[in-house]
Each structure stands twice: as C-alpha cells, then as structure tokens.
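Undergrad:
Protein chains: 2
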Amino acid sequence: MTETLKPDWIAVDWGTTNLRAWAMQGAQVLGRASSGQGMGGLCSDGFEPALRALIGPWILHGNVPVIACGMVGSRQGWQEAPYRSVPCAPMDSALTRAPASDGLSVHIISGLSQDNPPDVMRGEETQIAGFLQLNPGWDGVLCMPGTHTKWVHLSAGEVVSFQTFMTGELFALISDASVLRHSVAGDGWDSAAFDAAVGETLARPEKLAARLFGLRAGQLLAGTEAAACRAALSGLLVGAELAAARAYWLGQNMAILGTGTQARAYRDALAPQGVSCLMVDTERATLAGLTAANRLLKETT
Amino acid sequence: MTETLKPDWIAVDWGTTNLRAWAMQGAQVLGRASSGQGMGGLCSDGFEPALRALIGPWILHGNVPVIACGMVGSRQGWQEAPYRSVPCAPMDSALTRAPASDGLSVHIISGLSQDNPPDVMRGEETQIAGFLQLNPGWDGVLCMPGTHTKWVHLSAGEVVSFQTFMTGELFALISDASVLRHSVAGDGWDSAAFDAAVGETLARPEKLAARLFGLRAGQLLAGTEAAACRAALSGLLVGAELAAARAYWLGQNMAILGTGTQARAYRDALAPQGVSCLMVDTERATLAGLTAANRLLKETT
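Residue numbers (our numbering), protein chains in the order written: chain Z, 1 to 301; chain R, 1 to 301.
#1: Relative to the C-alpha of F194 of chain R, which residue among R:G146, R:A232 and R:R211 is closest?
#2: Does DSSP classify T96 of chain R as helix, strand or coil?
#3: Using a Cβ-Cβ cutoff of 9 Å, what residues of the region 100–128 of chain Z are near chain R? List them in chain order.
#4: Any beta carbon from chain R within less than 8 Å of L173 of chain Z's own beta carbon?
#5: For the putative contact between G161 of chain R and V86 of chain R, defined by C-beta atoms under 8 Å, what is the C-beta separation to the nearest angstrom?
#6: Using the Cα positions of G199 of chain R and G214 of chain R, report the straight-line distance between them to the nearest angstrom.
#7: Looking at Q76 of chain R: is its Cβ nearer than 8 Å to the Cβ of M39 of chain R?
#8: When you compare each of R:L208, R:P82 and R:R122 to M144 of chain R by their alpha carbons, which one comes out closest?
#9: Check whether the region 200–210 of chain Z and the region 230–248 of chain R are in contact - that is, three or more C-beta pairs closer than 8 Å.
#10: I'd like to know if A293 of chain R contacts chain Z, where contact means its C-beta is closer than 8 Å to some C-beta of that chain.
#11: Mind checking who L270 of chain R pairs with in its DSSP beta bridge?
#12: Output needed in chain order: residues of the region 211–236 of chain Z with a Cβ under 7 Å from some Cβ in chain R.
#13: Check the Cβ of P205 of chain R against every Cβ in chain Z and list those closer than 7 Å, keeping chain order.
#14: Just curious, the beta strand (DSSP E) that L134 of chain Z is in, first and last residue?
#15: Report the rounded CA-to-CA distance for G73 of chain Z versus T201 of chain Z, giving the unit in angstroms.
#16: Check the Cβ of S178 of chain Z against every Cβ in chain R and list those closer than 7 Å, keeping chain order.
#17: Contact criterion: CB-CB distance below 8 Å. Does Q262 of chain R meet it with respect to chain Z?
#18: Could you check how far apart the C-beta atoms of L104 of chain Z and E48 of chain Z are, in whole angstroms? I think they sit under 8 Å.
#19: Mark R181 of chain Z as exposed unless 16 or more other C-beta atoms lie within 10 angstroms of its C-beta, in which case mark it buried.
#20: Anything in chain R within Cβ reach of Q163 of chain Z, meaning under 9 Å, just list it in chain order.
#21: What residue range is occupied by the uninterrupted beta strand (DSSP E) comprising L19 of chain Z?
#22: Drop a sphere of 10 angstroms on the beta-carbon of I10 of chain R, count the other beta-carbons inside from all chains shown, and report buried for 16 or more, exposed for fewer.
#23: Does the distance from the C-beta atom of L270 of chain R to that of F131 of chain R stay below 8 Å?
#24: If we call anything under 8 Å between Cβ atoms a contact, is P82 of chain Z one with V159 of chain Z?
#25: Does any residue of chain R bring its CB to less than 8 Å from the CB of M1 of chain Z?
#26: Can you give me the start and stop residues for the beta strand (DSSP E) that L250 of chain Z sits inside?
#27: Determine the DSSP secondary structure at A288 of chain R, reduced to helix, strand or coil.
#28: Tell me which residues share the same chain as R84 of chain R and place their Cβ nearer than 6 Å to its Cβ, disregarding the 5 neighbours each side in the sequence.
#29: Taking Cβ positions, are A21 of chain Z and S34 of chain Z nearer each other than 8 Å?
#30: Three or more C-beta pairs closer than 8 Å, one from the region 249–263 of chain Z and one from the region 91–103 of chain Z: is that the case here?
#31: Do L212 of chain Z and M71 of chain R have their beta-carbon atoms positioned less than 8 Å apart in this structure?
#32: Ignoring anything shorter than 3 residues, give me the beta strand (DSSP E) runs that lie fully in the region 35–71 of chain Z, in order along the chain.
#33: Would you call K150 of chain R buried or exposed, if buried means 16 or more other Cβ atoms sit within 10 Å of its Cβ?
#34: Does any CB atom of chain R fall closer than 8 Å to the CB of R243 of chain Z?
#35: Measuring alpha carbon to alpha carbon, tell me which of R:I108, R:P118 and R:T224 ends up nearest T126 of chain R.
#36: Can you pull the chain R residues whose beta carbon is under 9 Å from the beta carbon of A192 of chain Z, in chain order?
Structural data, given as structure tokens:
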C-alpha cells in the first residue's frame, strides 16, 4: 500500500523516545509511519538506518527532501542544529543539513534557547510556528503539556520568553518508581481529588513536599482509592507548576497544545482561576510547522 | 571469629533495603553483621532463612531473643506489628512475636501512625526511644534525615506529632533517572550552590517546580559544573521541605539524627535561619532503643 505513495516531501518529528514521519504533498498528508527509534536509543551512525527503515518505501522514486524537528538536532542527535536565542520568531529559514548518503537530504530545524533564566526547547518551536500558521496574529501564552511542559509567551509573531517544567516526568517517576507506586497503581482518575490537590499547592506551593508521603499513609491507614491517590498526585504537581507559572497565565490570552488527558488536566486546573483556553491539536500544529519549514526551504533554494 | 560470640540477645534493624544485626550482651555490642536482604526483596517465607543466614553463628549455643525494628513489621514483612497511634510514647512493651521454627524467638517493635494528617513510621520509633534514653527529659523536635525524612515533635517523653517528607527519595529518583541525570552526575558538592538553592525555595517554595529544568539548561548553555547542579538540586528540595516543615523548626529546640552528608545538609540549611541542632549518631540511637525494648521484654516475661 505505502509503496505507491509519491510524496513531494517528508515531515519528521524525531523526539527522545519516538520517531514519527508523514509522507506529504504540499500541506496534504498522504501517509503516516512511526517507530520507537527515538534519539535517546541511537548512536550517531544509527540515525540514517532508522530513518530509511521507516520511510524507505516513500523515497524509492527519487530524492524527496526530509524536514525534521526535535531532539534529532541535539548534540547527541544526528547533527547538532544550533539554538536560536529568544526573543525571535519560532522558526527561520536556516535549516541544518544532516550528513546522509546519496538519495537522502535531511534538513533539521533549530531549537530555541533563552539565556536568563536558562532554558531550551527542541521540537516545540516547530509546533509554535505551526500554531501561528493556524492562528495568524495570535498573541498570548501557549501551554504545551508533555514530559517537559513548556509555557511560551508569544507576541507579534515572536517567542518573547518561555519556561520548562518537569511535571510530566516527575509524575511518571513518582508514580512508577517511588514508594507511592503502591498507592497510585492503575489508570483510574478522580476529578474531585485532582481539583482539591491543585487548589492546595496553587495556594500554598510548599504543600507539594508536605503532602506526597501522606498519599501513601492515607492509603495505608484510611484505604484511599488508587484513583484518588493518582489524581491527587497529579493535582499536587500541576498546582505547584501553576503557582510557579502564574505570570504566564494570570490575565493572559491562553491556548493549550494537546487534546489528550494531560492537556485536559491543565485546562481543568486553570478553569477555576477564570482562565479559559483555546485547545489545539498537537499533530495539526506540528504538521503546519513542518509544512511552513518546507516552504521556507523551497523559497531559499 | 564470630563463632565464639555468646550474646545474650540480638538487636536487628530490618529496613526495606538492608538487614543489620548486632550480637549484644546487655547494652554492649559484641559483634555486627549486615546483608542486603531487606524486606523489599523478601517473600513472607524468606525472612527466617535471611535472618538465620546472618546470625546463625550467634545462636549456636541456645535460643537468644531477637529484638527487631523496621519494615520487617509491615504488612509485607515477616509479621505485621500493629501501629500505635500518636500521641504516645515512642515504644511500649507490647512486642509482636514473628512465627519461627525452634530455637529462634523474634520480637518485633510496633511502628507509629498518625490519623490527621495521615502518616506512618516503622523503625524511627525505636531510634526516638533510644534518643530519649540518651537524652532523658529532652523536649523539642527531632529531624531524622533519610530516604523518607521524618520530623518528630517530642514532649514529656511522648511523640506528639510527626511528618514525613520524600525528599531523599525524590533526590535519588531525579538525579538517577530524570533528564537531570546528565547534569548532576558524580558525587561532587558545591556549598555555595546548595545554600543559594535552599534560600530560594525556603523563601518561595514554588521555585522548586520552576527551577528544576533550568539546572539542565544551565549546564547545556552555560556549562554549569555537575557538582554545582547536584548541590543545587539537593538545596532546592531541602529548602522546599524546610518551607513546609517551618512549624517543626521555627523557634524549636532541635536535634538531627545522623552524622553523614545528608544530616549535615539539613544542619547547614537550618543554620542561616538561626537554628542550631544537636547532632546524634543514628546507630547509637538505634541500639539504645533496641536495648530499651530488650529490657522491657525481660521485665514483662
């Protein structure tokens, strides 16, 4: 089936744990493919074979350009694409060419860095560019939930500042590997427990440290349900993040990138604060950003 | 060598990850032994063999009583020793007998629980009892650094209240398994970075969430040394704990159980707040507590 696809370019989102590719004709998706060969598991000479294994059938008919974003451009990636320093537009036309054998031309989009406080992103800049393609002239703050959630202040088409929180990674570590794993097992949810926990740490962020072990003790002594423990752990962490990110959302025009559980958790945590958020599909933003990069590449070559 | 020991009782501290035993004559230590056969790695029928493997040579000459504290008395342990609810003395004479074959009598010390806020301890109650043996009539707050640090309010020989913080476990998880592992590798230390980080989260606990990823970004962009990142991570976590535990240390008579790196970190974090702490050796307190339990056992049998 995929052998018959004849894309005119290929879009790639290559993160730490996953590799995703789309066969594209202009802005239209002809096909999709993905694998677990993320940057984190590859040596420097493993990138080309991993990419060819995934998109081989799409490039049988000639060399079509590949536009890639994400950790593939980090120092441990295929080829380092230097950070661009904010304030700046999320993307420019200076893509970095990765070394590849005949028949493959791979162009990597640069990530963004911020000097003070120090921060970095790789991949999200492409989603931001795509979000701005989909919402021209939009000013405000974009919340991008993930393993490392980013809060991004956008104004006049530029990234003014941004901040990264490890909330998603902390939730995964604590619920999978700490003593709380016994108490939060499963994938249940309890909205009331989540809301209450968000309220606690948003009002008093020191409660995060104070309350964690109590989730375990509450389950031992009072038989608190795992779903309530799980939602409370998430709420305590998200509330602490909101307390720290207050300047990003208080009185701001807000959008959240994502439509899954995690994105909805942020939306629900912000709602009682009187903040309503535009919800945007991540894949749509990623593809719009990669499509804009492909257009920039064509204009400059 | 150890075959010649003839203890009149055996002291055991059996935690989640380690099993430690002392051959005792009254309050005098004749010998020491330890293994990695902690509660966490044992099935219910694995406790007796693990103990016999360690103390076998000490019980060749007859049945000597074994007094044990720690997670060995949990539901997943050898035999559940019911919690005693605070406020109460750290220890009483009601020890729980573990099922064992002939020639072995094992008595387990109960842990303590607190209803509101829910909290539990197993093992620390014995150290508290020992601390009070070594410091009769001492009133104040005992800080017990560890994987799960306990803050314990003592008055008139009773535990009035206590609170557990997962700071030690969080530090281990974040520095071993999160994206920060690349930035905090090694075992170096930077006192100035620690002090500054404690000050940040003690004054503004929401800084914990805000600053974590910045440690990674600071190392990528500005080449921050691993020792400074490591000390800053510790400081951010300890400062957040101190902010939450303020009622336990502000204006209180304080002692810290421990003399290692972690105990000194708490001492150094509290010093700028005008709090000076009595430093107490953990093994001494543990043995004094187990010795007191052995005395109580003899008085009641």
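From the three backbone atoms N, C-alpha and C, an ideal C-beta is built for every residue, glycine too.
TA: Walking through what the data contain:
#1: Comparing Cα positions, the closest option is R:A232.
#2: T96 of chain R falls in the strand class under three-state DSSP.
#3: Flagged, chain order: S113, Q114, D115, P117, P118, D119 and V120.
#4: So yes, L173 of chain Z belongs to the interface.
#5: According to the sequence shown, residue 161 of chain R is Ser rather than Gly. The C-beta separation of S161 of chain R from V86 of chain R comes to about 6 Å, placing the pair in contact by the 8 Å criterion.
#6: When only Cα atoms are considered, G199 of chain R and G214 of chain R end up about 17 Å apart.
#7: The answer is yes: Cβ separation under 8 Å.
#8: With distances taken between Cα atoms, M144 of chain R lies closest to R:R122.
#9: Yes: the two stretches touch, three or more of their Cβ pairs being nearer than 8 Å.
#10: Under the Cβ criterion of 8 Å, A293 of chain R is not counted among the residues facing chain Z.
#11: Per DSSP, none; premise fails for L270 of chain R.
#12: Cβ proximity to chain R below 7 Å picks out L212, F213, G214, A217, G218, L220, L221 and A222 from the region 211–236 of chain Z.
#13: Neighbours of P205 of chain R on chain Z, chain order: P205 and E206.
#14: Membership of L134 of chain Z in any beta strand (DSSP E) is not indicated; the residue belongs instead to the alpha helix (DSSP H) covering E124 to L134.
#15: The straight-line gap from Cα to Cα measures roughly 36 Å.
#16: Going along chain R in sequence order, the residues near S178 of chain Z (Cβ under 7 Å) are M166, E169 and L173.
#17: Residue contact with chain Z for Q262 of chain R: absent (no Cβ-Cβ distance below 8 Å to any residue of chain Z).
#18: Right, the Cβ-Cβ distance comes to about 7 Å (below 8 Å), so this counts as a contact.
#19: R181 of chain Z comes out exposed.
#20: Result: A210, F213 and G214.
#21: Secondary structure note for L19 of chain Z: its beta strand (DSSP E) is the uninterrupted segment L19 to Q25.
#22: Result: buried.
#23: Not a contact, by the Cβ cut-off of 8 Å.
#24: Not closer than 8 Å, so no.
#25: With a pLDDT of only 46 at M1 of chain Z, under the threshold of 50, the placement of this residue in the model should not be trusted; the figure read from the coordinates follows. No, no contact with chain R.
#26: No beta strand (DSSP E) holds L250 of chain Z; DSSP gives it neither H nor E.
#27: It is helical.
#28: If we look at R84 of chain R and ignore the five residues flanking it on each side, its Cβ neighbours are S110 and L112.
#29: Result yes, Cβ atoms of A21 of chain Z and S34 of chain Z sit closer than 8 Å.
#30: Output reads no: the region 91–103 of chain Z does not touch the region 249–263 of chain Z.
#31: Going by C-beta atoms, M71 of chain R is not nearer than 8 Å to L212 of chain Z.
#32: DSSP runs (the beta strand (DSSP E)) wholly in the region 35–71 of chain Z: 66–69.
#33: Here K150 of chain R is buried, its C-beta having at least 16 other C-beta atoms within 10 Å.
#34: Here residue 243 of chain Z turns out to be Ala, not Arg, going by the sequence shown. With 8 Å as the cut-off, A243 of chain Z counts as an interface residue toward chain R.
#35: Ranking R:I108, R:P118 and R:T224 by Cα distance to T126 of chain R puts R:I108 first.
#36: Under the 9 Å cutoff, chain R gives no residues; its nearest Cβ is about 18 Å from A192 of chain Z.
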